[in-house]
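Q: Everything in the sequence shown is counted per my numbering, starting at 8 for the first residue and increasing by one.
Got a structure for you, written out below as structure tokens; questions coming shortly.
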Amino acid sequence: MKIKYWSAAALVGCLAIGILGGCDIERRKSDAELGLNPQQAAGRKIYDNYCDRCHRPYSTKGKKGPGLKGMFQHKYLSQTGLPANDDRVTDIIRNGRPDMPGYSQVLSTQDIQDLLAYLHTL
Ligand code: HEC
């Protein structure tokens, strides 16, 4: 009974938050919980610094840009329709898109490799 009460309370709480601000206020998982290796964890830091403000990593719901969950799971990227492979995604990161800045002056080749390693975990 007690357990039932708490799950009901959690649901109500989530609904309340959902009404106030969208129910995507999920607890942030640690790198270990996500099972990230050191390179992927380094990529996640870069993602948080440069990409997160426009792209949700664990949702396909759009922010300023499309959500990137599962971006490498399909043959083509959802919004641009470009092939979902390292070469094309590197181009997007380096050169940007009409509403996305390019990062060729900001991110090194190593940074982009780390970032790609992380993006493959989404
Ligand atoms: C200022 C907001 C903004 C930032 C910051 C940003 N993007 Fe984007 N991104 C966009 C928008 C908007 C699009 C859609 C562009 C289009 O339709 O051509 C996009 C498209 C993409 C796509 C293609 C997605 C698809 O479904 O076709 C990828 C991949 C991507 N961004 C990755 C990144 C990465 C990685 C970073 C961080 C290095 C980043 N973006 C930073 C706004 C942003």
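The beta-carbon is built from N, C-alpha and C at its ideal position, and this holds for glycine as well.
Just so you know, these numbers come straight off a predicted model, no measurement behind them.
1) Any heavy atom of ligand 1 closer than 6 Å to the CB of R104?
2) Since Y110 sits in a beta bridge, which residues does DSSP pair it with?
3) Give me the Cα-Cα distance between L75 and C58, rounded to the nearest whole angstrom.
4) Using only Cβ atoms and a threshold of 7 Å, which residues come within that distance of a heavy atom of ligand 1? Order them by chain position.
5) Following the continuous alpha helix (DSSP H) through L84, name the residue where it begins and the one where it ends.
6) Just reading off the alpha helix (DSSP H) that T128 is part of, what are its end residues?
7) Enumerate in chain order the residues of its own chain whose CB-to-CB distance from N102 is below 8 Å, with the five nearest sequence positions on each side excluded.
A: In brief:
1) For the purposes of this step, residue 104 is taken as the residue at position 97 of the sequence shown. The answer is yes for R104.
2) Walking along the sequence shown from the start, residue 110 turns up at place 103. Y110 pairs with nothing; no bridge assigned.
3) As a working note, residue 75 is residue 68 in the sequence shown. As a working note, residue 58 is residue 51 in the sequence shown. Using only the alpha carbons, I get a separation of about 10 Å.
4) I53, Y54, Y57, C58, R60, C61, H62, K71, G72, P73, L75, M78, L84, S85, Q86, T87, G88, L89, V96, I99, I100, R104, P105, D106, M107, P108, Y110, L114, L122 and L126
5) As a working note, residue 84 is residue 77 in the sequence shown. That residue, L84, is in no alpha helix (DSSP H); it is neither H nor E in DSSP.
6) Taking the first residue of the sequence shown as 1, we reach residue 128 at position 121. Unbroken run through T128: none, as it is neither H nor E.
7) By 1-based counting over the sequence shown, the position of residue 102 is 95. Hits under 8 Å: G109 and S111.
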